[in-house]
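*Asks:* Just so you know, the protein sequences line up as chains A and B, in that order. Numbering (this note's numbering) for the first sequence: 1 to 270. Numbering (this note's numbering) for the second sequence: 271 to 528. Yeah, the Cβ is synthetic: ideal placement off N, Cα and C, and Gly gets one too. What follows is a structure written as structure tokens; I'll ask about it next.
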Amino acid sequence: MFDFLNYGFNQRALLAVVMIGFSNGALGSLVVLRKNSLVISALAHSLLPGIAMAMLVFGSMSPFVGLMGAVFSAMVVGLATIYVSRKGLLDHQTALTVLYTSAFAGGLLLLEYIPGNVKLEDWLFGNILGLRNMDLWMSYGVSFLIVFLLAWYRRDWILYLFEPAVAASMGVPVARLNYLQTGLMVLALVTSLQAVGAVLSSALFIIPTATMLQWVKSPRALIWSSGILGSVVGLIAICLSNWWDVQTGATLILLLGCCFLVSLLLAPKR
Amino acid sequence: MSLHPITDLGHSHHPEKHHLLSVENLHIHYGNICALKNVSFEIGCGHCVGLLGQNGAGKSTLVKTIAGLNKRITGQVTWSGRPLSECKAEIAYLPQVDSMDPLFPITVKGLVELGRYPHLGARKKWRAEDSEVVETALASLKLQDLADRRLFQLSGGQLQRAQIARALAQEAHVLLLDEPFSGLDEPSQDFLSDLFRELADNGRLLLVCHHDLKAVPRLFDTVLMLNRELVGFGPTPEVFTRENLAKTFPGKEITPDV
């Protein structure tokens, strides 16, 4: 039944999904409570041109090259959004949508110039069986960093998310947490892009939290239970996709979607 | 209701300025717009102060500045002779209850526990005494039965009580409240005004942004009237006059209801 785990690529996929599921799920609580759900998907798409450009310049895709490119384009799109929404008489979300769709289109064209077989589908839905050991190490590092910083600032996050003004008046380092959250979002996206792709990694951020919001009564419970849900569903998705011979990423998100639906129907009503 | 008087007097470097909120020559500009011009006043504990003025007169700006949220100011704001950045625990900011997200996953008790943040030390470790302070704060506002409720299950008055309990858990000496009476029904308003009186009598200082002029003399022993600059400041019977009202609300026909 678990014979598929004899293969190295399946072992790596399993480890990666459990780690990414946990760290993205937990970090997703911050994203959802900050009402940043749209931003995460915009950010995921706008990383494409940066990574594509880095691959063109350095000639190959490695976690480090990917990270450099991603950080570069996240910074460009982030700063440009602020500039455009100030200069162009538009709200932040409209500016972000203009920029990320344009950036994504640019990235798409760049992909055509990259030698080798980088496919758009891999970008959107990931290639979890193509993970190398180096990608795994990167996932370890990023997941550890996310969990550590979530735990280290555990009380600060809650105040920062709930009432930023009250938090600042009590001495919570609100500006630092804001940068930290954005930085962690970019790091988490870069590691999960390889495994599950741009579309699915946004889902990994949002759906576990949306599901657990139906049950929990405290932000701390939300953060850790979302992480656990992401991990456990990831584990089940790996098994199911092997037994039924279907795509892992899509199975994972569909399962999460089912969890959300069941929670919506079963959870205590308002 | 039993509110505990403030017993911890702290150690101030300036004994003569003990428990004194002092604002000196405060100017605030946003770009070219002048939000506050040359505001100075001093007040000690044990007062309930009404901040009166029309929209855009600078009430919220003043309250946010005392809460330490405006970094770029000219002038000086001190509490007990110390700069605001050193008194994070002693000043509590209570924004309008509408600004709270009712769906945020937190209970009344969880909200009150947030008030302990400035007391937890560098490691942010929760101790048994923190739980005691929270229980006392919940009890003094008669919130024990609501402790496990979520925010969307509360009325406006109950939300306001929960916020005040948070400030009590913070053991704050100064409470800054932004329009606490707006949207409350009459019984809740009466409850709140009695509560304010009791908090002031127990040695706290309340600064309350307020736009409804009807109940001013009953609610506040001191008023601060603001129209970008200070129009009047002092005991309500002396300062809340027709003349000052005309300067604070130019173009409006208002008679003080004394």
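Compute the Euclidean distance between the alpha carbons of phenylalanine 490 of chain B and alanine 417 of chain B, then round it to the nearest angstrom.
*Replies:* Using only the alpha carbons, I get a separation of about 30 angstroms.
*Asks:* Taking tyrosine 239 of chain B as part of the beta strand (DSSP E), name the residues at either end of that continuous run.
*Replies:* No answer is possible for residue 239 of chain B: it lies beyond the span of chain B, which begins at 271 and ends at 528.
*Asks:* Along the chain, where does the beta strand (DSSP E) containing cysteine 315 of chain B start, and where does it finish?
*Replies:* Careful: cysteine 315 of chain B lies outside any beta strand (DSSP E) and carries neither H nor E.
*Asks:* Three Cβ pairs or more, each shorter than 8 angstroms: is that satisfied between the segment 38-54 of chain A and the segment 191-204 of chain A?
*Replies:* Touching, per the Cβ criterion.
*Asks:* Valine 262 of chain A to asparagine 36 of chain A, Cα distance in whole Å?
*Replies:* Roughly 24 angstroms separates the two Cα atoms.
*Asks:* Which residues of chain A have a Cβ atom closer than 8 angstroms to the Cβ of glycine 426 of chain B, listed in chain order?
*Replies:* The premise fails here: glycine 426 of chain B is roughly 16 angstroms from chain A at the closest Cβ pair, so nothing lies under 8 angstroms.
*Asks:* For a contact defined as C-beta to C-beta under 8 angstroms, what are the partners of lysine 217 of chain A on chain C?
*Replies:* Protein chains in the displayed structure are A and B, and chain C is not among them.
*Asks:* For a contact meaning CB atoms closer than 7 angstroms, what does arginine 176 of chain A contact in chain B?
*Replies:* What arginine 176 of chain A touches in chain B: nothing, since even the nearest Cβ is about 14 angstroms away.
*Asks:* In angstroms, rounded to a whole number, what distance separates the CA positions of isoleucine 236 of chain A and proline 365 of chain B?
*Replies:* Spanning the two alpha carbons is a distance of roughly 45 angstroms.
*Asks:* Which runs of the alpha helix (DSSP H), 4 residues or longer, sit entirely within the segment 442-519 of chain B?
*Replies:* Runs of the alpha helix (DSSP H) inside the segment 442-519 of chain B: 456-471, 486-489, 506-509, 512-518.
*Asks:* Since glycine 301 of chain B meets chain A, which of its residues come closer than 9 angstroms, beta carbon to beta carbon?
*Replies:* Simply none; closest approach about 12 angstroms.
*Asks:* Any chance you could list the beta strand (DSSP E) runs of at least 3 consecutive residues sitting entirely within the segment 359-436 of chain B, in chain order?
*Replies:* Whole beta strand (DSSP E) segments, 3+ residues: 361-364.
*Asks:* Under 6 angstroms Cβ to Cβ from glycine 280 of chain B, same chain only, skipping five residues before and after it: list those, please.
*Replies:* The pLDDT assigned to glycine 280 of chain B is 42, lower than 50, so where the model puts this residue is not dependable; a value taken from the coordinates is nonetheless given after this. Correct list: empty, nothing qualifies.
*Asks:* Less than 8 angstroms between the beta carbons of valine 403 of chain B and arginine 386 of chain B, yes or no?
*Replies:* Yes. Within cutoff.
*Asks:* Closer than 8 angstroms between beta carbons: that is the criterion. Which residues of the segment 322-340 of chain B meet it against chain A?
*Replies:* Cβ contacts with chain A come from Lys334, Ala337, Gly338, Leu339.
*Asks:* What's the call for valine 32 of chain A, buried or exposed, on a 16-neighbour Cβ count within 10 Å?
*Replies:* Result: buried.
*Asks:* Answer yes or no: do glycine 257 of chain A and isoleucine 207 of chain A have a C-beta to C-beta separation smaller than 8 angstroms?
*Replies:* Cβ atoms of glycine 257 of chain A and isoleucine 207 of chain A: closer than 8 angstroms.
*Asks:* Name the DSSP bridge partner or partners of arginine 352 of chain B?
*Replies:* In DSSP, arginine 352 of chain B forms a bridge with B:Trp349.
*Asks:* Who are the neighbours of proline 365 of chain B on chain A, taking C-beta pairs under 9 angstroms?
*Replies:* Here the neighbours are Glu163, Ala165, Val166.
*Asks:* Helix, strand or coil for phenylalanine 2 of chain A? Go by DSSP, reduced to three states.
*Replies:* Note: phenylalanine 2 of chain A maps to coil in three-state DSSP.
*Asks:* Spatial neighbours of valine 393 of chain B within its chain, please: C-beta separation below 6 angstroms, excluding the five flanking residues on both sides.
*Replies:* A small correction: the amino acid at residue 393 of chain B is arginine; valine does not occupy that position in the sequence shown. None.
*Asks:* Does the beta carbon of isoleucine 361 of chain B come closer than 8 angstroms to any beta carbon on chain A?
*Replies:* At least one chain A Cβ lies under 8 angstroms of isoleucine 361 of chain B.
*Asks:* Applying the 10 Å Cβ sphere with the 16-neighbour rule, what's the burial state of methionine 495 of chain B?
*Replies:* Counting Cβ neighbours within 10 Å, methionine 495 of chain B comes out buried, since at least 16 surround it.
*Asks:* Exposed or buried, arginine 488 of chain B, counting other C-beta atoms within 10 Å across all chains shown (16 or more means buried)?
*Replies:* By the neighbour-count rule (16 or more Cβ atoms within 10 Å), arginine 488 of chain B is not buried but exposed.
*Asks:* For valine 166 of chain A, tell me which candidate among B:Phe461, B:Gly338, B:Gly380 has the shortest Cα-Cα distance.
*Replies:* The candidate whose alpha carbon is nearest that of valine 166 of chain A is B:Gly338.
*Asks:* Secondary structure at cysteine 357 of chain B, three-state DSSP: helix, strand or coil?
*Replies:* Cysteine 357 of chain B falls in the coil class under three-state DSSP.
*Asks:* Closest to glutamine 433 of chain B by C-alpha separation, out of B:Pro507, B:His481, B:Lys379, would be which residue?
*Replies:* Residue B:Lys379 is the option with its Cα nearest to glutamine 433 of chain B.
*Asks:* Have a look at glutamate 456 of chain B and alanine 485 of chain B and give me their C-alpha separation to the nearest angstrom.
*Replies:* Computed Cα separation, rounded: 12 angstroms.
*Asks:* What does a CB cutoff of less than 7 angstroms around asparagine 514 of chain B pick up in its chain, not counting 5 residues either side in sequence?
*Replies:* Met495, Val501, Gly502, listed in sequence order.
*Asks:* How about serine 102 of chain A and alanine 74 of chain A: are their beta carbons less than 8 angstroms apart?
*Replies:* No, the pair does not count as a contact, with Cβ atoms beyond the cut-off.
*Asks:* Any Cβ of chain A within less than 8 angstroms of the Cβ of proline 388 of chain B?
*Replies:* For proline 388 of chain B, the answer is yes, since a Cβ of chain A falls inside 8 angstroms of its Cβ.
*Asks:* Counting only Cβ pairs nearer than 9 angstroms, list the residues of chain A close to leucine 384 of chain B.
*Replies:* Simply Arg155, Ile158, Leu159, Phe162, Glu163, Val166, Ala167, Met170.
*Asks:* Suppose contacts are defined by Cβ-Cβ distances below 8 angstroms. Is asparagine 295 of chain B in contact with asparagine 308 of chain B by that definition?
*Replies:* Against a cut-off of 8 angstroms, the Cβ pair of asparagine 308 of chain B and asparagine 295 of chain B comes out as a contact.
*Asks:* At the level of alpha carbons, what is the spacing between glycine 227 of chain A and leucine 30 of chain A?
*Replies:* Spanning the two alpha carbons is a distance of roughly 12 angstroms.
*Asks:* For a cutoff of 8 angstroms on Cβ pairs, would you count lysine 412 of chain B as touching chain A?
*Replies:* Not one chain A Cβ lies under 8 angstroms of lysine 412 of chain B.
*Asks:* Check this for me: beta carbons of leucine 274 of chain A and valine 142 of chain A, under 8 angstroms apart or not?
*Replies:* A question about residue 274 of chain A goes unanswered here, because the residues of chain A that appear run from 1 up to 270.
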